[in-house]
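Asker: Counting in full-length UniProt numbering, the sequence shown runs from 1 upward without gaps.
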Amino acid sequence: MAVKKWQKKSEEGAPTWMITYSDLMTQLVVFFVLLFSFSVINQQKFQQFIASYQGMGILDGGVSPIVETEPAPSNYPENLQTPEAAAALARAQEMMQTYQTVKNFLTANGLESEVEVRYEDRGIALDIKERILFDSGRADLKPEARQLLDKLSGLLSRLPNEVKVEGYTDNRPIHTVQFPTNWELSTARAARVVRYFIEEHHLQPDRFMAIGYGEYHPLYPNDSPEHMAENRRVVLLLGVNGSQQTQGKEVYKNAP
Numbered sequence: 001m002a003v004k005k006w007q008k009k010s011e012e013g014a015p016t017w018m019i020t021y022s023d024l025m026t027q028l029v030v031f032f033v034l035l036f037s038f039s040v041i042n043q044q045k046f047q048q049f050i051a052s053y054q055g056m057g058i059l060d061g062g063v064s065p066i067v068e069t070e071p072a073p074s075n076y077p078e079n080l081q082t083p084e085a086a087a088a089l090a091r092a093q094e095m096m097q098t099y100q101t102v103k104n105f106l107t108a109n110g111l112e113s114e115v116e117v118r119y120e121d122r123g124i125a126l127d128i129k130e131r132i133l134f135d136s137g138r139a140d141l142k143p144e145a146r147q148l149l150d151k152l153s154g155l156l157s158r159l160p161n162e163v164k165v166e167g168y169t170d171n172r173p174i175h176t177v178q179f180p181t182n183w184e185l186s187t188a189r190a191a192r193v194v195r196y197f198i199e200e201h202h203l204q205p206d207r208f209m210a211i212g213y214g215e216y217h218p219l220y221p222n223d224s225p226e227h228m229a230e231n232r233r234v235v236l237l238l239g240v241n242g243s244q245q246t247q248g249k250e251v252y253k254n255a256p
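Below is the structure:
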């Protein structure tokens, strides 16, 4: 009796949970392709990587050994190209392109020791340490900071991404007339960087946001001078939503 019931269900097509499972597998593939792209790609290994997923039936052309079912009914999706999966793939592609564009620019302009680039869920983050931009407890740009921002403006002027400039401090309290707390200091620093890009290089104001996080969201515990120095920083966050196209090949070649 149990066998007959199972056979009857198999005639109805794939179970409904397979739709959710397939979407999840698509999202995972996009994620791993993104991580894989950040490494030095060996063509042979990349083909092996793709082939392994094809063998699982996750990518087009694959045959899945996980479950065997009868042909799906007419209302069952024939592929995994749902709107959500397509949006995730577009965002991953833009993320990879933007990341590589920034890496190429920093290398071509000798800025790798001054600016650290990393991938975040929110977008591509460019970390600039406080010692390069500001003196301790101040929000006035240092001369060397202006030179750095002049170069970075060449990158931002050729990218379509929105830019969120974020200020961070360590947890040492500050009590001055100008900056009663670290909130005011971090916000003033972020705003100063935004103003420089807009006033000195005429970048579009509506692309920018200035945000101060104070001593919160540190990279490391504030338990040593070295860690505290790492936490004092300004971050340029390039927003990525999957609808923009960067001009990576032109950006780093035409940088001032």
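Cβ atoms here follow ideal geometry from the backbone N, Cα and C, with glycine treated the same way.
1. Would you tell me roughly how many angstroms separate the C-alpha atoms of L236 and P173, rounded to the nearest one?
2. Check whether the stretch 139–156 and the stretch 188–206 touch, using three or more Cβ-Cβ pairs below 8 Å as the test.
3. Only counting the same chain, and skipping five residues up and downstream in sequence, which positions put a Cβ closer than 8 Å to that of G239?
4. My output table needs one value for R233: the three-state DSSP class, helix, strand or coil.
5. Where are the beta strand (DSSP E) runs, 3 residues long or more, that stay fully inside the stretch 191–224, in chain order?
6. Run the CB neighbour count on F105, radius 10 Å, all protein chains shown included, and call it buried at 16 or more, exposed below.
7. Rounded to a whole number of angstroms, what is the C-alpha to C-alpha distance between A108 and V102?
8. Following the continuous alpha helix (DSSP H) through V102, name the residue where it begins and the one where it ends.
9. Is A188 helix, strand or coil when you go by DSSP?
10. Quick check on F31: buried or exposed, where buried means 16 or more other Cβ atoms within 10 Å of its Cβ?
11. How many angstroms separate the CA atom of R138 from the CA atom of P218?
12. Should Y216 be labelled buried (16 or more other beta-carbon atoms within 10 Å of its own) or exposed?
13. What's the call for S186, buried or exposed, on a 16-neighbour Cβ count within 10 Å?
Answerer: Put simply:
1. So the alpha carbons of these two residues sit roughly 24 Å apart.
2. Yes, they touch.
3. Excluding its 5 nearest sequence neighbours in each direction, G239 has C-beta neighbours in its own chain below 8 Å: R122, G123, N161, E162, V163 and K164, listed in chain order.
4. Here R233 sits in strand by DSSP.
5. Assignment of beta strand (DSSP E) within the stretch 191–224, counting only whole runs of 3 or more residues, yields 208–212 in chain order.
6. Around the beta carbon of F105, 16 or more other beta carbons sit within 10 angstroms, so the residue counts as buried.
7. The straight-line gap from Cα to Cα measures roughly 10 Å.
8. Residues P83 to A108.
9. Reduced to three states, the DSSP call for A188 is helix.
10. With a threshold of 16 other beta carbon atoms within 10 Å, F31 falls short and is exposed.
11. If you take the alpha carbons of R138 and P218, they lie about 19 Å apart.
12. Here Y216 is exposed, its C-beta having fewer than 16 other C-beta atoms within 10 Å.
13. Per the 10 Å Cβ criterion, buried.
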